[in-house]
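Listed in order, the protein sequences are those of chains A and B. Residue 237 in my numbering sits at position 233 of the first sequence; the count goes up by one each step and never skips. Residue 364 in my numbering sits at position 344 of the second sequence; the count goes up by one each step and never skips. A virtual CB, placed ideally from N, CA and C, is assigned to each residue, including glycine.
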Amino acid sequence: MKELVKQLVETYGPAGQEGRVRALIEGIIRPYVDASRVDALGNLIALKRGSGGGKRLMIAAHMDEIGVVVTHIDKKGFARFGRVGGVQVQTMVGGRVLFGNGAVGVIGWEKWLQSRGVPAWEELFIDVGATSPDDSPVRVGDVGAFLRPFVDLGKRLVSKAMDDRIGCAVVIQALMEMKESPNDVYFVFTAQEELGTRGAVVSAFGVEPEVGIAVDVTHIGDTPEARPMAVSLGKGPAIKVMDAGMVVNPAVKQWMIDVAEKEGIPYQLEVLEFGGTDARSIQLSKAGVPAGCLSIPCRYVHSPSEMVDYEDVQGAVKLLRKLLESSPSFSS
Amino acid sequence: MDVVSVLRQLSEARGLPGYEDEVRACISGFYEPWADAVRTDSLGNLIALKKGTRPAETKARSIMLAAHMDEVGLMVSGFEKGFLRFTHMGGVDPRTILGQEVVVYGQRPLPGIIATHPPHVLPPEERNKVVSYEELFIDVGLPEEELKELVRVGDPIAMRREFIELAEGYVSGKAFDDRAGVASLLVCLEALQNLQHSWDVYVVATVQEEKGLKGATVGAYGIAPDIAIAVDVGFGRQPGVEEKESIVMDGGPAIAKGPNIHPVMHQTLVEVAKRYELKHQLEIIPGASGTDAWAIQVTREGIPSALLSIPLRYMHTSVETVCIRDIERTGRLMALFISQLDESFAEKLGLGEERWMPC
Numbered sequence: 005m006k007e008l009v010k011q012l013v014e015t016y017g018p019a020g021q022e023g024r025v026r027a028l029i030e031g032i033i034r035p036y037v038d039a040s041r042v043d044a045l046g047n048l049i050a051l052k053r054g055s056g057g058g059k060r061l062m063i064a065a066h067m068d069e070i071g072v073v074v075t076h077i078d079k080k081g082f083a084r085f086g087r088v089g090g091v092q093v094q095t096m097v098g099g100r101v102l103f104g105n106g107a108v109g110v111i112g113w114e115k116w117l118q119s120r121g122v123p124a125w126e127e128l129f130i131d132v133g134a135t136s137p138d139d140s141p142v143r144v145g146d147v148g149a150f151l152r153p154f155v156d157l158g159k160r161l162v163s164k165a166m167d168d169r170i171g172c173a174v175v176i177q178a179l180m181e182m183k184e185s186p187n188d189v190y191f192v193f194t195a196q197e198e199l200g201t202r203g204a205v206v207s208a209f210g211v212e213p214e215v216g217i218a219v220d221v222t223h224i225g226d227t228p229e230a231r232p233m234a235v236s237l238g239k240g241p242a243i244k245v246m247d248a249g250m251v252v253n254p255a256v257k258q259w260m261i262d263v264a265e266k267e268g269i270p271y272q273l274e275v276l277e278f279g280g281t282d283a284r285s286i287q288l289s290k291a292g293v294p295a296g297c298l299s300i301p302c303r304y305v306h307s308p309s310e311m312v313d314y315e316d317v318q319g320a321v322k323l324l325r326k327l328l329e330s331s332p333s334f335s336s
Numbered sequence: 021m022d023v024v025s026v027l028r029q030l031s032e033a034r035g036l037p038g039y040e041d042e043v044r045a046c047i048s049g050f051y052e053p054w055a056d057a058v059r060t061d062s063l064g065n066l067i068a069l070k071k072g073t074r075p076a077e078t079k080a081r082s083i084m085l086a087a088h089m090d091e092v093g094l095m096v097s098g099f100e101k102g103f104l105r106f107t108h109m110g111g112v113d114p115r116t117i118l119g120q121e122v123v124v125y126g127q128r129p130l131p132g133i134i135a136t137h138p139p140h141v142l143p144p145e146e147r148n149k150v151v152s153y154e155e156l157f158i159d160v161g162l163p164e165e166e167l168k169e170l171v172r173v174g175d176p177i178a179m180r181r182e183f184i185e186l187a188e189g190y191v192s193g194k195a196f197d198d199r200a201g202v203a204s205l206l207v208c209l210e211a212l213q214n215l216q217h218s219w220d221v222y223v224v225a226t227v228q229e230e231k232g233l234k235g236a237t238v239g240a241y242g243i244a245p246d247i248a249i250a251v252d253v254g255f256g257r258q259p260g261v262e263e264k265e266s267i268v269m270d271g272g273p274a275i276a277k278g279p280n281i282h283p284v285m286h287q288t289l290v291e292v293a294k295r296y297e298l299k300h301q302l303e304i305i306p307g308a309s310g311t312d313a314w315a316i317q318v319t320r321e322g323i324p325s326a327l328l329s330i331p332l333r334y335m336h337t338s339v340e341t342v343c344i345r346d347i348e349r350t351g352r353l354m355a356l357f358i359s360q361l362d363e364s365f366a367e368k369l370g371l372g373e374e375r376w377m378p379c
C-alpha cells in the first residue's frame, strides 16, 4: 500500500486543479466499481452496488491539497502569490513549489538574514529563476503545490499532501479489499475541500446518501508541548465525535465504535477544537444526512511534511472496509 | 397550559447540540394533544404539523415556526490525573462556569463540579484573572481507573441547574436560550386550537442551532414552507448593557427588522400586534441575525422570514432569566398572525403564480 500512497501524495493537485489526481484514481479504481462519473465541480463519484437490503452510503476523501497562486510578477521576474487553502506562513521560507506546467520556484523572504521573526505574507515571493516577466515560466493565476518527496520512515510516512491523499489511499485500499456488502456505496473523491468543503456540498446533493462518512486527517497532541488533544500517532485511526464544523451524529459514531470493537481494531476518539471536514457539508445536504468521520492522526498538518503512522493507516483501511461490509442498522 | 410548568420541564431536560434526545422526547409529549402529526427528521428536528382548514380550490400554503431546542454545553476532551479536561459545544462563557455543577453523560450520568482553586493559594495577580478552558478541570469524585471506565473522550457534559421562580412572573434557569422560544411555540399551538386558520403550520423544534444553525438549514429544506418565523431570545436590558443593544423585559416580543427579515412579514406582524393590543417592541438587526431565521431565509429559492425575540438576561449562562408574560405574548402573536394568513398575503409576498414580464 506504500506504493499507492507514494503515487498519490506525489501527484500535483492543489484545490481547483485536481485533474491529475482524479485521472490517477480513476485508473486505479475502474476495475473495482460498477460505474463512475465526474461532476461539474470535478468530484470523482464511483458506485459499487451492494447485494441489497443495505443503505446508500457516501464515503468522501478529498483529492485537493493546499498551495499557492501567482498574483503578480515584478520587473525582475519575482512572483508574488496568494494562498490556496490554509497554508501556514512559518512553513514557507526556503520551500519549493511546483506549478502545473512543471515550473519550479523557491520561496524567498524580503527580510532573509535581517529578521528572526515570522514573515508577513506580503514579504514573501517566489523565485522561479526568471529575470523578467518575459522569461518567467509562470503567469498570473498559475497555481503551485509544495514540492516535497514521499519518505518512508518505516513505521511512519512523511510527505506533502498527506492531507488528504492518505484518506484517498485508505478509501481506495478499502474498496479494493472489500468483500460482499449489502450497501450501495458511493466512493466520492472530492474537490476543493481546502477552500471550504465545496466539492462535498455538491456531490452530496447529487448522491443523496442515507449515511455519509468522510475520511480525512486530524491533528494530534503527542508532540513536545503540543496543544492538549487526546489523539496520538500510532494508537489507531480516530473516530470523530466533534470538531469546529460539526457534532457527529451519535448513532453514526456508535456504529463506528461497535464495528471497531467487534473487529478488534484499535481506535481513538477525536474531539478537535478547530477545523472541519467534508462530513460537515454532507450532514447539511438537502434535508440532512447522518454523517461521521474516520480520521487518520497526522502530525504537522498543512506543512510540507505531514506525518502519519502506517499502522494507523492500515487500521483505518480495515475499519472502513468492515464498516462498508456491515449493515448500519440505526434509524436515521 | 401552565407556561411556568412547561418551561421548567423544558429547561431541566438535557439537549446539547447533536444530543437533543431527552428534550426532544419532552417536547414530543407536549406536541401530541395539539398536532395532527409529528415526525423527526434525519438530523433530529422535531416537526409537528397542524393542518389548516383550506377553502376548496385554494392553493396549499404553509408556515414554518422554528425555535431551537439545543442548549450550549461542554464535552470531555481528555483526562488528567483523575480529572476531566473539557471543551465547549456552542459558546459557553468561561467566566461563568467556575465552581458550577455539571452532569457528565458517561456510561451513566455522573454529577460533577467544575474545579477551581481556593483563593488562598492563588498569587494576588491571579485572583482577578479570567480562567481559560485549558486551565479548567471537572471533578466527578471518582478514582482515575474507575473514571476511565465510565467516561470517554467525546462524552457530552450539561450544566446542572434547577429552575426557579423569581418575583412578578420572572423565572430563571438554564437553556432558556431557546427553550423559552420552544415554550412560545407550544403557546401558539395551543392557541391555534381555538382559531380558524387556512395555512398548514409546521412547528419545528430545531437541533444544533448553537453549532451553526444546522437543524434549521436542513429542516427548512425538508419542509419547504412558503414563509417562516423563527423565535429566539434577545438581550434583555440590564445594568452594563446599552439601551441600543438591548430590548425591554416584559415589553413583549421584539419584532426584528433588517435584511434577514422580509419587510412585509415584519409590517404584518406589527399590524397584528397593534390590532390585538399585544405588547410588542422593535429590534433592529443590521446584518446576520445569528438565528435560525438566517439559515431559513436562503433555503431553496428563498423563504420570506421573520424573527421574534423574547427578552432574556444573562445569555449563555445557567441563570438565564425571562418574564413568562413575554413567552405568552410571543405565542399569541404567532397564532393571531397565522389565523389571518390568506392567499392575498401570499400574493403580497410575491409567492403567487410565477409571472414573466414580456420585454
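For residue i, three-class secondary structure by DSSP
| i | result |
| --- | --- |
| Asp252 (chain B) | strand |
| Arg325 (chain A) | helix |
| Thr350 (chain B) | helix |
| Ala80 (chain B) | coil |
| Ser336 (chain A) | Summary for Ser336 (chain A): the model assigns pLDDT 46, below 50, so the residue's position carries little reliability; its value from the coordinates is reported in the next sentence. Three-state result, Ser336 (chain A): coil. |
| Gln29 (chain B) | helix |
| Val293 (chain A) | coil |
| Arg303 (chain A) | strand |
| Cys379 (chain B) | coil |
| Glu274 (chain A) | strand |
| Lys244 (chain A) | strand |
| Ser40 (chain A) | strand |
Within chain A, the residues that residue i reaches when beta carbons sit closer than 8 Å
| i | result |
| --- | --- |
| Pro114 (chain B) | Under the 8 Å cutoff, chain A gives no residues; its nearest Cβ is about 13 Å from Pro114 (chain B). |
| Lys231 (chain B) | Met250 and Val251 |
Proximal chain B residues relative to residue i, where beta-carbon distance stays under 8 Å
| i | result |
| --- | --- |
| Val245 (chain A) | Met95, Val173 and Gly174 |
Residue from the options with nearest C-alpha to residue i
| i | options | result |
| --- | --- | --- |
| Phe82 (chain A) | A:Pro18, A:Gly133 and A:Pro294 | A:Gly133 |
| His108 (chain B) | B:Gly189, B:Pro37 and B:Gln317 | B:Pro37 |
| Val253 (chain B) | B:Arg28, B:Ile83, B:Arg147 and B:Ala87 | B:Ala87 |
| Tyr36 (chain A) | A:Gln177, A:Ile77 and A:Ser119 | A:Gln177 |
| Gly307 (chain B) | B:Val339, B:Asp56, B:Lys277 and B:Thr73 | B:Lys277 |
| Pro241 (chain A) | A:Asp43, A:Trp259, A:Tyr314 and A:Leu45 | A:Tyr314 |
| Gly20 (chain A) | A:Glu184, A:Thr95, A:Arg41 and A:His66 | A:His66 |
| Asn187 (chain A) | A:Ser55, A:Phe85 and A:Gly31 | A:Ser55 |
| Ala291 (chain A) | B:Leu356, B:Leu361 and B:Gly64 | B:Gly64 |
| Trp113 (chain A) | A:Val293, A:Gly99, A:Gln258 and A:Pro153 | A:Gly99 |
| Lys52 (chain A) | A:Ala234, A:Val305, A:Asp282 and A:Ser185 | A:Ser185 |
| Thr194 (chain A) | A:Leu12, A:Ile49 and A:Tyr16 | A:Ile49 |
| Glu166 (chain B) | B:Gly119, B:Asp362 and B:Phe99 | B:Phe99 |
| Ala44 (chain A) | A:Ser331, A:Met260 and A:Gly23 | A:Gly23 |
| Ala45 (chain B) | B:Asp90, B:Pro176 and B:Arg349 | B:Asp90 |
Chain-ordered chain A contacts of residue i [CB-CB under 7 Å]
| i | result |
| --- | --- |
| Ser62 (chain B) | Ala291, Gly292, Val293, Pro294 and Ser336 |
| Gln228 (chain B) | Val251 |
Contact list for residue i against chain B, beta-carbon separation under 7 Å
| i | result |
| --- | --- |
| Pro254 (chain A) | Gly38 and Tyr39 |
| Ala50 (chain A) | Within chain B, no residue comes near Ala50 (chain A); the closest Cβ sits about 24 Å away, beyond 7 Å. |
Start and end residues, alpha helix (DSSP H) containing residue i
| i | result |
| --- | --- |
| Trp314 (chain B) | Asp312 to Gln317 |
| Lys266 (chain A) | Pro254 to Lys266 |
| Leu285 (chain A) | Checking the displayed sequence, the identity of residue 285 (chain A) turns out to be Ser instead of Leu. Note, Ser285 (chain A): alpha helix (DSSP H), Asp282 to Gln287. |
| Ala366 (chain B) | Glu363 to Lys368 |
Terminal residues of the beta strand (DSSP E) in which residue i lies
| i | result |
| --- | --- |
| Gly71 (chain A) | Gly71 to Ile77 |
| Ser163 (chain A) | Arg160 to Ser163 |
| Arg26 (chain A) | No beta strand (DSSP E) holds Arg26 (chain A); the alpha helix (DSSP H) holding it covers Gly23 to Ile33. |
Neighbour list for residue i in chain A, Cβ cutoff strictly below 9 Å
| i | result |
| --- | --- |
| Val238 (chain B) | Gln287, Leu288, Ser289, Lys290, Ala291, Gly292 and Val293 |
| Met109 (chain B) | Met246 and Val251 |
| Ser242 (chain B) | Here residue 242 (chain B) is Gly; the residue named in the question, Ser, does not match the sequence. Chain A residues near Gly242 (chain B): Lys290, Ala291 and Gly292. |
| Gly98 (chain B) | Gly225, Pro232, Met233, Ala234 and Val275 |
Cβ-heavy atom distance, residue i to the ligand PLP, below 7 Å
| i | result |
| --- | --- |
| His217 (chain B) | Absence of the ligand PLP from the depicted structure is noted, as is the absence of any ligand whatsoever, leaving it without description. |
Amino acids of chain B, ordered along the chain, whose beta-carbon sits closer than 9 Å to that of residue i
| i | result |
| --- | --- |
| Glu211 (chain A) | According to the sequence displayed, residue 211 (chain A) carries Val and not Glu. What Val211 (chain A) touches in chain B: nothing, since even the nearest Cβ is about 15 Å away. |
4-residue-minimum alpha helix (DSSP H) runs that sit fully inside the region 162 to 202 of chain B, ordered along the chain:
DSSP runs (the alpha helix (DSSP H)) wholly in the region 162 to 202 of chain B: 164 to 170.
Which runs of the alpha helix (DSSP H), 4 residues or longer, sit entirely within the region 57 to 144 of chain B?
None, since the region 57 to 144 of chain B contains no complete alpha helix (DSSP H) of that length.
In chain order, each beta strand (DSSP E) run of at least 3 residues that lies wholly inside the region 254 to 329 of chain B:
Here the runs fully enclosed are 274 to 277 and 301 to 304.
Identify every run of the beta strand (DSSP E) within the region 84 to 140 of chain A, keeping only runs that are complete inside it and at least 3 residues long; order them along the chain.
DSSP runs (the beta strand (DSSP E)) wholly in the region 84 to 140 of chain A: 100 to 103, 108 to 113 and 128 to 131.
Write down every uninterrupted run of the beta strand (DSSP E) in the region 150 to 217 of chain A whose length is 3 residues or greater and which is fully enclosed by it, in chain order.
Residue ranges of uninterrupted beta strand (DSSP E) with 3 or more members, entirely inside the region 150 to 217 of chain A and ordered along the chain, are 160 to 163 and 188 to 194.
What residues from the region 265 to 286 of chain A come within 7 Å of chain D, judged by C-beta to C-beta, listed N to C?
Of the protein chains in the structure, A and B, none is chain D.
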